[in-house]
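**Student:** Take 0 as the starting number for the first sequence in numbering that gives the first Met the number 0 and just add one per residue. Ideal Cβ placement from N, Cα and C applies to all residues, glycine included.
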Amino acid sequence: MVSKKNLVALRYDPAELDRKWQERWAAQGLHHVSDDDPRPRWFALTMYPYPSGDLHIGHWYAMAPSDAHARFMSMRGYNVLHPMGFDAFGLPAENAAIKRGIHPNTWTMDNIRRMRGQLRSMGPVYDWDREVVTCLPEYYRWNQWFFLRMYEKGLAYRASAPVNWCPTCQTVLANEQVVDGRCERSDDVVVRREMEQWFLRITDYADELLDFSGVIEWPERIKAMQTNWIGRSEGVEISFDIAHLNASQKEIRAFTTRIDTVFGVTFVVLAPEHPLVAQVTTPEHRASVEAYVARSREASEIERLSTEREKTGVFTGAYAINRLNGERVPIWTADYVLATYGTGAVMGVPAHDERDFAFAGRYGLDIRVVVAPPGWDGKPLEAAYVAKNEGTQVHSGRFDGLPNAEGYSAIAEHIEAEGWGRRTISYRMRDWLVSRQRYWGTPIPIVYCPQCGAVPVPDDQLPVVLPEDAEFKPTGESPLRQHAGFLHTSCPNCGGAAQRETDTMDTFVDSSWYFLRYPSPHLDSAPFDRDAAAGWCPVDQYTGGAEHATMHLLYARFFTKVIRDLGLIDFGEPFLRLFNQGTVLSGHTKMSKSRGNVIAPDEYVSVLGADAVRLYLMFMGPWDGGGDWSDAGINGVARWVNRFHDLVARETDDMPASDAPGDRALRRATHQATRRVITDLERFKFNTSIAALMELTNVMGPAAEAGEVSKSAWNEAIEHLLLLLAPMAPHLADELWERTGHHGSVHAQALPSWDEGLAAEDELTLVVQVNGKVRDRISVPADVSEEAAREAALASERVRPYTDGKDIAKVVYVPSRTLLSIVVKS
RNA sequence: GGGGAAGUGGCGGAACGGCAGACGCGCAUGACUUAGGAUCAUGUGCCCGCGAGGGCUUCCGGGUUCAAGUCCCGGCUUCCCCACCA
């Protein structure tokens, strides 16, 4: 490919070099991972990609550095498993089918073929014999198997839930298909609708999922996001008496985190979806309540977003009794109360809750202060007073005068003693809705029999195969429902006519356990081999984008805990260490086709080779920070590649065998660079590793030019350079390793070690500070004593003007920094 | 509104509490060149100064310390996540 870009010309043919080494590694099976290898194991996993069709620069940014780290671990003596696969089910394949008439399977498998080739062009260590492709029956049958295990344990269940419904398409939309409240295909306004759905009971594991103590080392940010997402709140579930109303329940249960404010309740609010709404509404309010409920049920996402949070609601005409003070308070329904959180009902305390305050203000409801702010003058509040632990109970019966934090406990105890409620915990996380009314996913292995009800498909009838000959006209129903051959079956229980479940699973099910499959990817008798999984898992190092903080990473933790509880593994966390790389920008903005700023890696690879692209991505900045792509930047790296290419090719015939005057300095630079690269690569600090290697080559060039180095010191420098470069620039390192007369791949070598003595400086710079300011830098021997340092400092021409005639109050000597700090008094 | 991360030259970024600005880009000057958008050499935080040298400088303001980009307190700004969660 001829590029129009102004890219540096390399002194070798990078395309030829890449091809040569990729072919040789493949021919020699260099990347085959064996379970028999006696070295300690290291499982390095990069999040597998969705096969969208093209490997973009973001994929390279995720995969090239993690490949370098995996190679690094391998050269440190580990048997490294660093596999790759494809997250192959999902919506884009189905959209391609609808828009362009290509079967999802064809589209997906073509993309995988293409991306596999592009992935190979990076020169990664992936063992392709272990590839996992989730849309193949040999993989997704185990999704079904896990689903059935969860069903048996009551962890998979069916319930009615609101979904995104597009009235034009007459179908359910995934959240991703809803853009600004509209269907991405028809542009119609999306409404919510109740449908029977399958759920996985992740909330059973909420407390365990909140626990990050122990084995896992994850970024604080991700742990915080998950903690937030799970949203644990301690509070009190309190019931209000409605026995007089003749409803199916005698009380309304409400969850509150502020039971200390219960004497300030002036109304109770039910979510519009709450089953009691219809029952308690009085005849004269029925029309308005029904209209309100209907409107909020059909309320579009757009309306919800555009109301600017104005609180609306209607009175039901009914009253509930606050047992603490015997008061009758009106029951309202309002859509600011969520049916899906807590009990779907709240106690309205306008004086101490911002939302209730706004609601009461709008509808003229009483606002009664029951927690007095410090120094409160008794006047009405201008805003809700919400502080949790600095107020005093007032108008709270026998609790008056208590600090409200104490009031909280006292009131909670009182309520529990009276049997009016109990302390409890509420989570904002809900159970995982896994069913999708979609074709391109794992069929849920359930059969509906008119006699037996929902019947699980027996294990020996798995997989329930997704039929290929489906129609993809946008009829509004899942293609599976139109497929007579799939839909109609016999009941595994009674043998009578029955219908299959036509929903498929969320693709996050696939990625919740895929890491367990890599150790035994071809096993057909179980999802994974227990010994193989025990030997390799959990994953030692996981890397990928932070956008998966709350979905994939949480679901995978949940699955791991479930699989542990099934007795199949003995660990409960899937990924011990996690690293999130940043994003590559172009022109300081996100890349997008509409902006025309998309960087296509293939163009650069064909001109500069995989290694230059790898090196540049790693050199751009810290890996977790992402960076801005620039052609000038990659040219800088390419120039350096040329420089060390020339250094390695340099003739050494004119160098003495050993003992040249410049050897000490060169060996020092070599060993300093070795130390820095190894310690930095451990911590994913690729940018400073490469900087250290640049510093080394910056020393090597002039040293050779000056004719001051021996062959032995020079060859040591070259060897270290190539070995340290090998994880990051694998093709070039192997080529130059071969050209310098070495046998065997550079990647099969151990990393060099460094000698602290050789890395140490002979002379150090003594930094002299007077009152915190640097006044002189004096060259001193490395073993300088404190006495000598002090003498030299006080004798310095540059220091004396600041010390002469003044009292020296203090002298601090820091040997590790060869720094002397003198404090003088005026 | 809640949670998190981060603010360092013209730019990307370095810096166990200890010489701020490694490394690279860009720029300037020079060399080699028919040419330079190739290569090599030197310089390059800002201000004053011919120079020697001096002063200032890590978002702003305080504090701790012999010593603060780094630690503490208070602001400002940007980015990310979640957002009517009772």
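Using beta-carbon positions only, say whether I215 and F557 come within less than 7 Å of one another.
**Tutor:** no
**Student:** How is N714 classed by DSSP in three states: helix, strand or coil?
**Tutor:** helix
**Student:** For A92, which residues from the same chain have a beta carbon less than 7 Å from its beta carbon, with the 5 sequence-adjacent residues on both sides left out?
**Tutor:** So the list reads P103, W106, T107 and W439, once near-sequence residues are dropped.
**Student:** Enumerated in chain order, which unbroken segments of the beta strand (DSSP E) with a length of 3 residues or greater are wholly contained in the region 533-592?
**Tutor:** Annotation: the region 533-592 contains the following complete segments of the beta strand (DSSP E) (minimum length 3 residues), in chain order: 538-544, 574-580 and 583-585.
**Student:** With distance defined between alpha-carbon atoms, name the residue in V124, T45 and Y812 nearest to A25.
**Tutor:** V124
**Student:** Consult DSSP for R38 and reduce its assignment to one of helix, strand or coil.
**Tutor:** coil
**Student:** Residues in the same chain with beta-carbon distance under 7 Å from D539, minus the five sequence neighbours each way, listed in chain order, please.
**Tutor:** W41, F42, A43, L575 and R576
**Student:** Going by beta carbon distance, what residues of the same chain come within less than 7 Å of A759, once the five residues before and after it are set aside?
**Tutor:** A781
**Student:** Buried or exposed: which applies to S489, given that a residue is buried once 16 or more other Cβ atoms fall within 10 Å of its Cβ?
**Tutor:** S489 comes out exposed.
**Student:** Kindly list the residues whose CB is nearer than 6 Å to the CB of R594, restricted to its own chain and excluding five residues on each side of it in sequence; keep chain order.
**Tutor:** none
**Student:** Residues in the same chain with beta-carbon distance under 7 Å from N492, minus the five sequence neighbours each way, listed in chain order, please.
**Tutor:** C448, C451 and V454
**Student:** In the DSSP assignment, find the beta strand (DSSP E) that holds H487 and state where it starts and stops.
**Tutor:** Here the beta strand (DSSP E) through H487 covers H487 to S489.
**Student:** I want to know whether the region 286-300 touches the region 387-407 - three or more CB-CB distances under 8 Å.
**Tutor:** no
**Student:** What residues match up with F198 in a beta bridge as DSSP calls it?
**Tutor:** When DSSP reads this structure, F198 sits in a beta bridge with Y156 and L432.
**Student:** Would you tell me roughly how many angstroms separate the C-alpha atoms of T817 and F683, rounded to the nearest one?
**Tutor:** 30 Å
**Student:** Under 7 Å between the Cβ atoms of R129 and P729?
**Tutor:** The Cβ-Cβ distance between R129 and P729 does not fall below 7 Å.
**Student:** How many angstroms separate the CA atom of V261 from the CA atom of V328?
**Tutor:** 12 Å
**Student:** With a threshold of 7 Å on Cβ separation, who are the neighbours of R119 within its own chain once the five nearest residues in sequence on each side are excluded?
**Tutor:** Q21
**Student:** Tell me, please, which residues DSSP counts as bridged to C182.
**Tutor:** V177
**Student:** In terms of residue numbering, what span does the beta strand (DSSP E) encompassing I221 cover?
**Tutor:** No beta strand (DSSP E) holds I221; the alpha helix (DSSP H) holding it covers E219 to I229.
**Student:** Roughly how many angstroms lie between the CA atoms of R421 and F578, to the nearest whole one?
**Tutor:** 41 Å
**Student:** For L750, does the three-state DSSP call read helix, strand or coil?
**Tutor:** coil
**Student:** Pick from S711, H487, I717 and D679: whose alpha carbon is nearest that of N697?
**Tutor:** For the options S711, H487, I717 and D679, the alpha carbon positioned closest to that of N697 is the one of I717.
**Student:** Does DSSP put R397 in a helix, a strand or coil?
**Tutor:** helix
**Student:** Give me the Cα-Cα distance between G544 and E467, rounded to the nearest whole angstrom.
**Tutor:** Near 33 Å, if we compare the C-alpha coordinates of E467 and G544.
**Student:** If you drop the 5 nearest sequence neighbours on each side, which residues of the same chain put their C-beta closer than 7 Å to that of K3?
**Tutor:** Residue placement at K3 is poorly supported in this model, since its pLDDT is 49, which falls under 50; the coordinates are not used for a value here.
**Student:** Taking the straight line between their C-alpha atoms, what separation do you get for V810 and D775?
**Tutor:** One alpha carbon belongs to V810, the other to D775, and they sit about 15 Å apart.
**Student:** Have a look at L135 and W144 and give me their C-alpha separation to the nearest angstrom.
**Tutor:** 14 Å
**Student:** Tell me which residue opens and which closes the alpha helix (DSSP H) that K19 is part of.
**Tutor:** P13 to Q27
**Student:** In angstroms, rounded to a whole number, what distance separates the CA positions of R830 and V647?
**Tutor:** In the structure as shown, the chain begins at 0 and stops at 825. Residue 830 is therefore absent and cannot be evaluated.
**Student:** Output the residue ranges of the alpha helix (DSSP H) runs that lie fully inside the region 633-681 and measure 4 residues or longer, sorted by chain position.
**Tutor:** 662-681
**Student:** From what residue to what residue does the beta strand (DSSP E) around S820 run?
**Tutor:** L818 to K824
**Student:** What is the DSSP secondary structure of L80, reduced to helix, strand or coil?
**Tutor:** Strand.
**Student:** Candidates Y318, K152 and D186: which alpha carbon is nearest W164's?
**Tutor:** Nearest C-alpha to W164: D186.
**Student:** Is the region 735-749 touching the region 785-797 in the sense that three or more CB pairs, one from each, lie closer than 8 Å?
**Tutor:** no
**Student:** For E415, which three-state DSSP category applies?
**Tutor:** helix
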